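Numbering (full-length UniProt numbering), first residue to last: 1 to 348.
Reviewing the structure listed below.
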Amino acid sequence: MRTCRVGLVGAGGVARRHARVLTGFEDVELLGVTDVAPDAARALAEAYGGRPFVDVADLLAAGPDVVYVCVPPFAHGPVEELVIEAGVPMFVEKPVAADLETAERIAALVERRGLLTGVGHHWRYLHAVRQARELLADRPVRMVNGAWLDKVPPVAWWARCDRSGGPVVEQAAHVLDLVRLLAGEVTEVTAYGDGSPPPVADADIDSVTAATLRFASGAVGTLAAACVLTWKHRAGVEVLADGLSLSLAEDGLLIRDADGERRVPTDPDGARVAVDRAFVDAVRGVGDDVRVPYAEALRTQRLALAVAESARTGRAVALPTGAAARLTTPVADAAPAEATLPGVTIDA
């Protein structure tokens with residue numbers, strides 16, 4: 001393949017991060033960007049190359065080799081449908097939607113088309129994650145404690161549940177993805193929220209959520225999510241196995257076992273580069289290290305929304321396992337692609 005030509009949908013902070021990483025690769029060219037805020041698209045194109053496009057259809061008509069979908073949770077769906085219909089490999093930023101119905105529908109369309117996809121769970125590319133998995137290879141996980149304790153990000157849609165999905169879906173998805181990777185699939189969750197939104201305009205999300213998790217392996221775990229602070233306090237996972245404890249965060253891994261305590265530093269920026277490099281290599285046909293295709297991200301989406309549903313209803317929520325965990329939305333029920341994006345400012 002010639003230079004890989006990338007099209008961006010969305011011109012917010014996450015899109016800019018991908019643009020910066022991608023244009024640092026010698027074999028990548030930024031074809032252009034589209035955003036419902038034309039000035040934002042123009043500014044990104046001026047900074048990183050390419051040109052602004054009127055809409056997604058206009059961008060696809062230019063013939064990108066891959067499309068990066070970097071939109072807020074509530075704007076997912078119509079964009080992916082157009083990209084899938086065009087048959088273009090697609091990288092989707094997490095969370096893949098604000099709801100489950102949209103994610104299930106897109107996953108069904110992806111499966112039917114056999115499309116190459118990736119999702120931005122870049123923590124899986126941390127060197128420390130690989131080391132944690134190696135340490136757990138011959139020790140059953142007994143308990144997992146995940147947490148994302150942070151602030152409300154400064155975007156207008158974030159504190160609205162129908163816009164973001166809530167803190168568990170929008171922020172703690174990274175933690176839940178690692179929980180699944182290290183301890184296996186969750187079969188049941190019970191969660192509680194405080195029923196009190198954070199003090200920002202139009203907020204209707206819980207300020208804090210606490211959940212218990214039951215795993216197919218017999219392990220148990222917890223998840224804590226909070227957005228009541230003015231700083232990022234903690235985001236990571238603690239794992240307990242026989243004679244071993246692991247504390248894993250984006251900046252490193254703390255290992256405690258019979259040999260004592262040792263810390264393994266890691267490079268979060270390197271992981272953000274690695275996830276893009278892996279996807280570009282897969283598109284070019286020279287690599288096979290896409291660690292989170294869309295179908296895998298769907299499982300994390302189901303888990304996050306099960307926590308949110310349990311917190312809302314006060315009831316335990318069971319998750320599908322085995323064959324039942326495959327796609328649940330028939331392709332025939334998938335809605336046809338719309339020609340335009342939702343009329344919202346994209347700032348993922």
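Think of the CB as a built atom: it goes at the ideal place given N, C-alpha and C, for glycine as much as any other residue.
As the structure is a computational prediction, the values presented were derived from the model and not from experiment.
**Prompt:** Considering Ile205, what are the terminal residues of the alpha helix (DSSP H) in which it resides?
**Reply:** Counting along the chain, no alpha helix (DSSP H) covers Ile205, and no H or E run does either.
**Prompt:** So Arg263 is in the alpha helix (DSSP H); what residue range does that whole segment cover?
**Reply:** Counted as a single uninterrupted DSSP element, the stretch harbouring Arg263 is not any alpha helix (DSSP H) but the beta strand (DSSP E) occupying residues Gly260 to Pro265.
**Asked** Which ranges would you report for the alpha helix (DSSP H) in the region 117-196 if only whole runs of at least 4 residues count?
**Response** For the region 117-196, whole alpha helix (DSSP H) runs of length 4 or above, ordered along the chain, are 127-136, 161-164, 167-170 and 173-183.
**Message:** Going by the DSSP bridge assignment, what does Leu246 pair with across the sheet?
**Reply:** According to DSSP, Leu246 bridges with Val239 and Ile255.
**Request:** Output the residue ranges of the beta strand (DSSP E) runs that lie fully inside the region 25-53 and measure 3 residues or longer, sorted by chain position.
**Result:** Segments of the beta strand (DSSP E) lying fully in the region 25-53: 28-34 and 51-53.
**Asked** DSSP beta-bridge partners for Val6?
**Response** Its beta-bridge partners are Leu30 and Val66.
**Request:** Under 8 Å by Cβ, that's how I've got Val144 and Ala183 pegged, so tell me the actual separation to the nearest angstrom.
**Result:** Here Val144 really is in contact with Ala183; their C-beta atoms are around 5 Å apart, less than 8 Å.
**Thr340 versus Arg302 - alpha carbon distance** = Because Thr340 carries a pLDDT of 34, less than 50, the predicted location of this residue cannot be relied on, and the following value inherits that uncertainty. Cα atoms of Thr340 and Arg302: separation of roughly 27 Å, rounded to the nearest angstrom.
**Straight-line Cα distance separating Ser245 from Val83** = In this structure, the CA atom of Val83 is about 43 Å from the CA atom of Ser245.
**Request:** Please state if the CB of Ala241 and the CB of Arg130 are separated by a distance shorter than 9 Å.
**Result:** Taking 9 Å as the Cβ cut-off, Arg130 and Ala241 do not qualify as a contacting pair.
**Prompt:** If you draw a straight line from the C-alpha of Gly118 to the C-alpha of Ala62, how long is it?
**Reply:** Distance from the CA of Gly118 to the CA of Ala62, rounded to the nearest whole angstrom, comes to 22 Å.
**His233 classed as buried or exposed, judged by whether at least 16 other C-beta atoms fall within 10 angstroms** = Under this definition His233 is an exposed residue.
**Message:** So Ala278 and Val290 are supposed to be a Cβ contact under 8 Å. How far apart are they, rounded?
**Reply:** 6 Å between Cβ atoms; contact.
**Request:** Figure out for me which residue from Thr3, Gly146, Ala47 and Tyr68 has the closest Cα to the Cα of Asp177.
**Result:** Of Thr3, Gly146, Ala47 and Tyr68, the residue nearest in Cα terms is Gly146.
**Request:** Please classify Pro330: is it buried, with 16 or more other beta-carbons within 10 angstroms of its beta-carbon, or exposed?
**Result:** In this prediction, Pro330 has a pLDDT of 46, which is less than 50 and means its spatial position is unreliable; what the coordinates show is noted afterwards. The residue in question, Pro330, is exposed, as its Cβ has fewer than 16 Cβ neighbours within 10 Å.
**Message:** Looking only at its chain, what residues have a beta carbon closer than 6 Å to the beta carbon of Ala210, apart from the 5 residues adjacent to it on each side?
**Reply:** The answer, listed in chain order, is Tyr192 and Ala224.
**Message:** Distance check for Arg2 and Arg312, CA to CA, integer angstroms please.
**Reply:** Taking the straight line joining both Cα atoms gives about 50 Å.
**Message:** Just to confirm my understanding: we take Pro64, look at its own chain, exclude 5 residues before and 5 after, and list those with CB closer than 7 Å. What are they?
**Reply:** Beyond the five residues adjoining it in sequence on each side, Pro64 comes within less than 7 Å, by CB distance, of Arg5, Val6, Gly7, Leu31 and Val88 in the same chain, given in chain order.
**Item:** Nearest neighbour of Gly221, chosen from Trp231, Glu185, Asp206 and Ala203 [CA to CA]
**Value:** Distance check between Gly221 and each of Trp231, Glu185, Asp206 and Ala203 places Glu185 closest, using alpha-carbon atoms only.
**6 Å CB neighbourhood of Glu238 in its chain, flanking five on each side removed** = For Glu238, where only same-chain residues beyond five positions count, the Cβ hits under 6 Å are Asn145 and Ser247.
**Message:** Starting from Leu223, trace the beta strand (DSSP E) in both directions and tell me its first and last residue.
**Reply:** Leu223 -> beta strand (DSSP E) spans Val220 to Ala226.
**Prompt:** Of the residues Phe53, Leu298, Ala226 and Tyr48, which one's Cα is nearest the Cα of Pro197?
**Reply:** Selected option, being the one with the closest Cα: Ala226.
**Cβ distance (whole Å) where Val208 is taken to contact Val307 below 8 Å** = Not confirmed; about 12 Å, so no contact.
**Request:** Round the Cβ separation of Pro73 and Ala98 to the nearest angstrom and send it over; I've been treating them as touching at under 8 Å.
**Result:** Their Cβ separation, rounded to whole angstroms, is 4 Å, which keeps Pro73 and Ala98 in contact under 8 Å.
**Cβ neighbours of Thr102 in the same chain (closer than 7 Å, five flanking residues each side left out)** = In chain order, His76 and Gly77 place their CB closer than 7 Å to the CB of Thr102, counting only its own chain and leaving out the 5 sequence neighbours on each side.
**Prompt:** Nearest CA to the CA of Gly218: which residue from Asp206, Ile205, Thr187 and Arg133?
**Reply:** For Gly218, the nearest C-alpha among the options comes from Thr187.
**Request:** Apply the 10 Å Cβ neighbour rule to Thr321 and answer buried if 16 or more other Cβ atoms are within range, or exposed otherwise.
**Result:** Classification for Thr321: exposed.
**Item:** Assigned secondary structure, Thr23 (DSSP; H/G/I helix, E/B strand, else coil)
**Value:** Coil, per DSSP.
**Message:** Only counting the same chain, and skipping five residues up and downstream in sequence, which positions put a Cβ closer than 7 Å to that of Gly260?
**Reply:** Closer than 7 Å at the Cβ level, and outside the excluded window around Gly260, lies no residue.
**Item:** C-beta contact flag for Glu134 and Leu109 at 9 Å
**Value:** Taking 9 Å as the cut-off, the Cβ atoms of Glu134 and Leu109 do not count as close.
**Request:** Go through its chain and collect everything with a Cβ distance to Gly120's Cβ below 6 Å, but skip five positions before and after it.
**Result:** Cβ neighbours of Gly120 beyond the five flanking positions: Glu93 and Lys94.
**Request:** Under the assumption that Gly270 contacts Ala258 (Cβ atoms under 8 Å), give the Cβ distance between them as a whole number of angstroms.
**Result:** Cβ atoms of Gly270 and Ala258 stay farther apart than 8 Å, at about 30 Å.
**Message:** Just to confirm before moving on: does the CB-CB distance between Asp288 and Ala295 stay below 9 Å?
**Reply:** Contact: no.
**Asked** Tell me which same chain residues have a C-beta within less than 6 Å of the C-beta of Gly166, skipping the five on either side of it?
**Response** Excluding sequence neighbours, Gly166 sits near Ile205 and Ala308.
**Message:** What does the Cβ neighbour count give for Thr230, buried or exposed, with the cut at 16 atoms within 10 Å?
**Reply:** Exposed, since its Cβ has fewer than 16 Cβ neighbours within 10 Å.
**Message:** Which same chain residues end up closer than 6 Å to Ala172 when comparing Cβ atoms and leaving out the 5 residues on each side of it in sequence?
**Reply:** Answer for Ala172: Trp148 and Ala225, listed in chain order.
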